[in-house]
Each structure stands twice: as C-alpha cells, then as structure tokens.
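Residue numbers (our numbering): -17 to 384.
C-beta: ideal position from N, C-alpha, C; glycine also.
Since this is a predicted model, take the numbers as computed values, not measurements.
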Amino acid sequence: MNDTTTKPRPLDGITVVSLEHAIAAPFCTRQLADLGARVIKVERPGAGDFARGYDERVDGLASHFVWTNRSKESLTLDVKQDAASQVLDQLLAKADVLVQNLAPGAAARMGLSFEALQERFPRLIVCDISGYGEGGPYEQKKAYDLLIQSEGGFLSVTGGPGETEMAKAGCSIADIAAGMYAYTGVLSALMLRDKTGVGSRIDVSMLESLVEWMGYPLYYAYKGATPPPPRAGAAHATIYPYGPFPTGDGGTVMLGLQNEREWVLFCEKVLLQPELAQDERFSANFKRSENRAELRAIIVEAFSRLSAEEVIERLDNAPIANAHVNDMAGVWAHPQLKARGCWSEVDSPSGSLPALLPPGRNTAFTPRMDPIPALGQHTDALLAELGYAPGDIQRLHQQGAV
C-alpha cells in the first residue's frame, strides 16, 4: 500500500480567511481544511465564535465547535477597530478565499463586499452564506436552522400524522446543507479561477440549500396536487412496509420494501405467511399504503414472538433491507465504522479526541486532521508572520484590537 501521509493534498497552498460562527460557514471551512487548505478563523476577542459556548459535553468543549473547527488557526480581531481592519486587509491580500456568515449586510458595511474587495484583490473568491440570500423581501430576516426548516417546508413532512405533530431534524440540517453548497461552491470557484485568473462570488442561502433537498416532496405536490406528502413519523409516507417495527424483546427494527418481489419474499421468509402475498388488501404498494394499519398489526403480531436480532436475521436471509435503530452510543460502537477504520484522533485544548475521518476517501492522500484551536491561539504567530514586531503586537492587545 502506498504511503499517503506525505502526499500533497488537493488544497495545499490555498489560504482561507473566515469570519464565521455557528455551523454553516465553519462546516464549509472545516472541509476545506480537511483537503489541506490553511483556514484562518477570525473570532471576537474574549468571546470568539458563540458556538464555543453552546455546551461543555466534550471534555469541557462544545460539541458543535469540536465537530466543525479542527485543523484551523484562531485569530482574534475586533474588526470594528481600524488597527484590526488593517490586519484583516493584510490577510486578505495573501488569501485565496474569504468565507463569511455574519448578520445580513454586516460584511458589506465593513467594506468586505465582493465588489469592494475585487478592486483590491482581483483573485480573491468571496463566499457569502446567509439565511435567505441577497435581495428579496427576506434578505434582512434573521435565520436559524429551525426557522429555515420551517420556511423550507421540511417540518411539513416530519413528525407524526397529526397536524401539530411536526418534528425538527435532530441535527442542523439547514446549516449542513448550506455548508455543503458553500464548500462545493468554493471548490468550483477555485477551478474557475484556474481558467480565468480572477475570483468570483458565491451567494449561498440556507433556504435555497434546504429547498433543493426537498425536491421529492415538492414534485409530489406539483401544481397543488393533493394530498401533499403526509407526516409519517419514521415510516415512509408513500411506501409500505417501510419504517420501524417493535419486536418481542422490547427492541425496534427498521425495514424497507421496494417492490413486489420483495413483498413476496417478506411474506414467505420473514412473516412465514406466504398466503399473505395474495391478499388483495396488500397486493400492490398503493394498497399496502392505504391499508397500513391492518398490515402493521399483522407484522407487529408476527414480530412479537421474536427478538430484534432474530427479526434482522430473517430479514437478512430473505434478503430484505433492514437496520438497527441505533442511539448515539450505538453509533460510537458501530462495527462497520470500526471495521473500515473510520475513526481518527485530533488534539484539542482538552486533549486528544476521537474524530470521524471525512467521508469520500481518496487513495492518493490522507485528509488533514489537525488540532481544534483554543480561542486566539494563533493570534501572535499570525501577526508576526504579517511583519508585526513584538511591541506592535503588545499594543494591539492593549488596545483590544486583537
């Protein structure tokens, strides 16, 4: 096997400056760092990225922050002070990418709009991440993940069947979607710059990112078609049986059928009721979906005599797609992740921590897995790199500029 630890990474030599907080922008820039980019995270002196204070679940560090901020350098700057703005300008003069998800309009008021920056730094790529994007009646509206889940229609298809039984995603899905489109947008902008020699602007909105992911429910309700996708809890809204079922030992098994061949196998090899495959109530998917209450009762009764592992064994032998319903402890201990060597370690202000290797492995290089920075950890070193003498650095600290 080739040693990839010393091989070049795709973004080696690329410098990213990020005015970021919370999830969307940090998730984007962490992935750029995974590929070798140098990411300089600009934080507020004394407080930093407010995600640092969300909780203390990871040996005293915040879970969100640990997840999205490895392999970065932390520089504290009070960007409202002239002396700090000069530092930021010097950084941008050497940078390839600026990423920001400040409040709407804040970057432009600081002179950090793409139009203002392109005049001075024509090769600079600017990625602006916001809740609703530039322009339109929602441009200045505050946006958090749950609010975008609501505006983007996500909550209309999650939760239980009752009108008020909506449920948010258990992770920051709108932030993650925006972070992913920002990440791929920066990569494509770097490729474009190789062809044109100049930078470009990427305008990423959380709303558009999540609505793109709502493509199936949107088209299912095309031209006001009714009923729209119903809330179905953890089950599938239109395919049945597809979802969680209880077992006799108090466990739960997730299973899913996709076609009529699998329905016959499910009746024969899992339920041990081959005659059920000919029952007119269940002879097609739309009939099974319409009569799901009756079919669920049959499945639950059959599973009540079996443990979760016995049900999974029958499903595997059929074969019918299935899954354990893992909690977070189950994911930490997942045998597939362990067998594929998916876990690495990163250093942090609290010591060594486990970290999942980035999905999408490349045989030519290993991803960067460097420490999670303490607030302002790299401030003095970065200022020295920019040519500031020790006395100048001390004065900037005294002024509260850094």
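Excluding the 5 residues preceding and the 5 following residue 103 in the sequence, name in chain order all residues of the same chain whose CB lies nearer than 8 Å to its CB. Along the sequence shown, one-based indexing puts residue 103 at 121. So the qualifying residues of the chain are 74, 75, 77 and 181.
I think residue 25 touches residue 358, with their Cβ atoms under 8 Å apart; what is that distance to the nearest whole Å? On the sequence shown, residue 25 is found 43 positions in, with the first residue counted as 1. On the sequence shown, residue 358 is found 376 positions in, with the first residue counted as 1. Right, the Cβ-Cβ distance comes to about 7 Å (below 8 Å), so this counts as a contact.
Nearest to residue 159 by CA position, among 186, 191 and 371, is which residue? For this step, residue 159 is matched to residue 177 along the sequence shown. Selected option, being the one with the closest Cα: 191.
Identify which residue in 199, 37, 121 and 271 has its Cα closest to the Cα of residue 224. Mapped onto the sequence shown, residue 224 falls at position 242. Closest option to residue 224, Cα to Cα, is 271.
Beta carbon of residue 15, beta carbon of residue 350: below 8 Å? Start at 1 with the first residue of the sequence shown, and residue 15 comes out as number 33. Start at 1 with the first residue of the sequence shown, and residue 350 comes out as number 368. Yes, Cβ-Cβ distance for residue 15 and residue 350 is below 8 Å.
Using 8 Å as the threshold, is the region 295 to 310 in touch with the region 256 to 263, meaning 3 or more CB pairs across them? no
Would you call residue 118 buried or exposed, if buried means 16 or more other Cβ atoms sit within 10 Å of its Cβ? Along the sequence shown, one-based indexing puts residue 118 at 136. It counts as exposed.
State whether the region 318 to 333 contacts the region 32 to 43, with contact taken as three or more CB pairs (one from each stretch) at a distance under 8 Å. yes
Option nearest residue -1 by Cα separation, candidates 54, 346 and 306: Numbered from its first residue, the sequence shown carries residue -1 at position 17. That would be 54, whose Cα lies nearest to the Cα of residue -1.
Alpha carbon to alpha carbon, how far is residue 317 from residue 157? Give it in angstroms, no decimals. For the purposes of this step, residue 157 is taken as residue 175 along the sequence shown, with counting starting at 1. For the purposes of this step, residue 317 is taken as residue 335 along the sequence shown, with counting starting at 1. Rounded to whole angstroms, residue 157 to residue 317 spans 29 Å at the Cα level.
Proximal residues to residue 367 (C-beta, below 6 Å), its chain only, five neighbours per side dropped: What you label residue 367 is simply residue 385 of the sequence shown in a count that begins at 1. So no residue of the chain qualifies.
Would you kindly work out how many angstroms separate the C-alpha atoms of residue 175 and residue 105, rounded to a whole number? Sequence index remark: in the sequence shown, residue 175 carries index 193 (1-based). Sequence index remark: in the sequence shown, residue 105 carries index 123 (1-based). Their backbone Cα atoms lie some 7 Å apart in a straight line.
Tell me the rounded alpha-carbon separation between residue 247 and residue -6. One-based indexing of the sequence shown puts residue 247 at position 265. One-based indexing of the sequence shown puts residue -6 at position 12. If you take the alpha carbons of residue 247 and residue -6, they lie about 52 Å apart.
Determine the DSSP secondary structure at residue 384, reduced to helix, strand or coil. Position 402 of the sequence shown, counted from the first residue, corresponds to residue 384. Note: residue 384 maps to coil in three-state DSSP.
Assign residue 153 to one of two classes, buried (16 or more other C-beta atoms within 10 Å of its C-beta) or exposed (fewer than that). Within the sequence shown, the letter at position 171 stands for residue 153. Looking at its Cβ environment, which holds fewer than 16 other Cβ atoms inside 10 Å, residue 153 is exposed.
My output table needs one value for residue 372: the three-state DSSP class, helix, strand or coil. Here residue 372 corresponds to residue number 390 of the sequence shown, with the count starting at 1. It is helical.
Going by beta carbon distance, what residues of the same chain come within less than 7 Å of residue 142, once the five residues before and after it are set aside? Taking the first residue of the sequence shown as position 1, residue 142 is located at position 160. Closer than 7 Å at the Cβ level, and outside the excluded window around residue 142, lie 213 and 215.
Member of 376, 371 and 356 whose CA lies at the smallest distance from the CA of residue 30: Here residue 30 is taken as the residue at index 48 of the sequence shown, counted from 1. The option with the nearest alpha carbon to residue 30 is 356.
Do residue 23 and residue 57 have their CB atoms nearer than 8 Å? In the sequence shown, counting from the first residue as 1, residue 23 sits at position 41. In the sequence shown, counting from the first residue as 1, residue 57 sits at position 75. Yes. Within cutoff.
Range covered by the alpha helix (DSSP H) that runs through residue 199: The sequence position of residue 199 within the sequence shown is 217, counting from 1. Note, residue 199: alpha helix (DSSP H), 197 to 202.
Give me the Cβ distance between residue 7 and residue 171, rounded to the nearest whole Å; I'm assuming they're in contact under 8 Å. As a position in the sequence shown, residue 7 is number 25, starting the count at 1. As a position in the sequence shown, residue 171 is number 189, starting the count at 1. So it is not a contact: roughly 15 Å between Cβ atoms.
Are the CB atoms of residue 230 and residue 287 within a distance shorter than 8 Å? Here residue 287 refers to the residue found at position 305 of the sequence shown. Here residue 230 refers to the residue found at position 248 of the sequence shown. For residue 287 and residue 230, yes; Cβs fall inside 8 Å.
CA-to-CA distance, residue 86 to residue 92, given in whole angstroms: The residue given as residue 92 occupies position 110 in the sequence shown. The residue given as residue 86 occupies position 104 in the sequence shown. Each residue's Cα considered, the two are about 12 Å apart.
Limits of the beta strand (DSSP E) - the one that residue 386 falls within: Since the first residue of the chain shown is -17 and the last is 384, residue 386 is not available in this structure.
Between residue 81 and residue 354, which are expected to be in contact by the criterion C-beta below 8 Å, what is the C-beta distance as a whole number of angstroms? The count along the sequence shown starts at 1 and reaches residue 81 at position 99. The count along the sequence shown starts at 1 and reaches residue 354 at position 372. About 18 Å; that fails the 8 Å criterion.
Please look up how many angstroms separate the CB atoms of residue 363 and residue 52, rounded, as I've assumed it's under 8 Å. Start at 1 with the first residue of the sequence shown, and residue 363 comes out as number 381. Start at 1 with the first residue of the sequence shown, and residue 52 comes out as number 70. Not confirmed; about 18 Å, so no contact.
Comparing C-alpha positions only, which one of 273, 249, 263 and 313 sits nearest to residue 284? Along the sequence shown, read from residue 1 onward, the residue named residue 284 stands at position 302. Minimum Cα distance to residue 284 is reached at 249.
What separation, rounded to the nearest whole angstrom, lies between the Cα atoms of residue 115 and residue 228? Here residue 115 refers to the residue found at position 133 of the sequence shown. Here residue 228 refers to the residue found at position 246 of the sequence shown. One C-alpha to the other measures close to 44 Å.
Run the CB neighbour count on residue 304, radius 10 Å, all protein chains shown included, and call it buried at 16 or more, exposed below. Here residue 304 refers to the residue found at position 322 of the sequence shown. Residue 304 comes out buried.
Through-space distance from residue 341 to residue 193, alpha-carbon basis: As a working mapping, residue 193 is identified with position 211 in the sequence shown. As a working mapping, residue 341 is identified with position 359 in the sequence shown. Distance between the alpha carbons of residue 193 and residue 341: 23 Å.
For residue 137, write down the residues that DSSP places opposite it in a beta bridge. Mapped onto the sequence shown, residue 137 falls at position 155. Its beta-bridge partners do not exist; DSSP assigns none.
Chain C beta carbons: is any one of them nearer than 8 Å to that of residue 293? As a matter of chain content, chain C is missing from the structure shown, which is built from one protein chain.
Beta strand (DSSP E) segment containing residue 220, residue limits: Position 238 of the sequence shown holds residue 220. Note, residue 220: premise wrong, no beta strand (DSSP E); not H, not E.
Rounded to whole angstroms, how far is the Cβ of residue 226 from the Cβ of residue 307, which I believe are closer than 8 Å? In the sequence shown, counting from the first residue as 1, residue 226 sits at position 244. In the sequence shown, counting from the first residue as 1, residue 307 sits at position 325. At roughly 6 Å, the Cβ-Cβ gap stays under 8 Å, so residue 226 and residue 307 are in contact.
So who's on the other strand from residue 469, going by DSSP bridges? Since the first residue shown for the chain is -17 and the last is 384, residue 469 is missing from the structure and cannot be characterised.
Around the Cβ of residue 275, are there at least 16 other Cβ atoms within 10 angstroms (buried) or fewer (exposed)? Residue mapping note: residue 275 aligns to position 293 of the sequence shown, counting from 1. That one is exposed.
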